[in-house]
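Since the structure comes first, as structure tokens, the remarks are kept for the end.
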Amino acid sequence: MNSYNKIAACLECGCGISSQVYDYSHDYFGIPLCMPHQKWVKQQELFSTVPAMSLYFALKERGVPAQLEKFDGYKHIDIAIPQAKVNIEVDGGHHNYSDKQALSDLKRTYYSFLKGYLTLRIPNSLVKYHLDETADHITEMLDVNRERVARTKSTFKRF
């Protein structure tokens, strides 16, 4: 791919990146990242699963202000979207097969719910086989919710 004279930006921070950095990042990560964020992604690989990172970057490509491995004071969330009050957990099969894990997940979802957050649980297999469709549906849900909140705020009467 010839990327000469191409102006590119880091998907994570939006800073401009050179053609050489773009080409390396695209070849290695599949997305444009500046050098500091390439290092950040390599560090994240120690804490985050490949499916969670794949979904995170698919959402970022769609303009979703997501955060990877956000700590909420109680636990790490795979993908958080604080502005929308949505947490996304990308779960492997063990979340379905172990009753202890399932109960732990339910409790985590409950505690997030008490703080006003919705938790979406996305199976690894959905990310692996239907990444784009999954990211599109999540983005659409966020858009619908944003419009719903805006309508509610515009009809709210102040005293």
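Residue numbers (my numbering): 249 to 407.
A virtual CB, placed ideally from N, CA and C, is assigned to each residue, including glycine.
Here the structure is a predicted model, which means the values were calculated and not measured.
For F361, same chain residues with a beta-carbon under 8 Å away, outside a window of 5 residues either side, are T367 in chain order. Inter-segment contact for the stretch 381 to 388 and the stretch 303 to 321 is present: three or more beta-carbon pairs are separated by less than 8 Å. If the five residues before and after D339 are omitted, its C-beta is found closer than 8 Å to the C-beta atoms of D353, R369, I370, P371, N372, all from its own chain and listed in chain order.
Assigned with DSSP and collapsed to three states, D326 falls in strand. With contacts defined by Cβ atoms closer than 8 Å, C258 and P280 form a contacting pair. Contact between Y359 and K333 fails: their C-beta atoms lie close to 14 Å from each other, not under 8 Å. The alpha-carbon of L351 is positioned some 11 Å away from that of Y345. In this structure, the CA atom of V397 is about 12 Å from the CA atom of M389. For S273 and Q286, the gap between their C-alpha atoms comes out near 7 Å.
Taking the Cα of K376 as reference, the smallest distance to any Cα among T297, D391, A328 is reached at T297. If you compare the alpha carbons of K363, G311, R399, C282 with that of G321, the shortest gap goes to K363.
In this structure, DSSP gives I336 an extended state, which the three-state scheme calls strand.
A314 has no beta-bridge partner at all, per DSSP. Judged by beta-carbon spacing, L379 lies within the 8 Å limit of S302, meaning their Cβ atoms are closer than that value. When the Cα atoms are used, K318 and A300 turn out to be separated by approximately 12 Å.
The three-state reading of DSSP puts L294 in coil, since its state is none of H, G, I, E or B.
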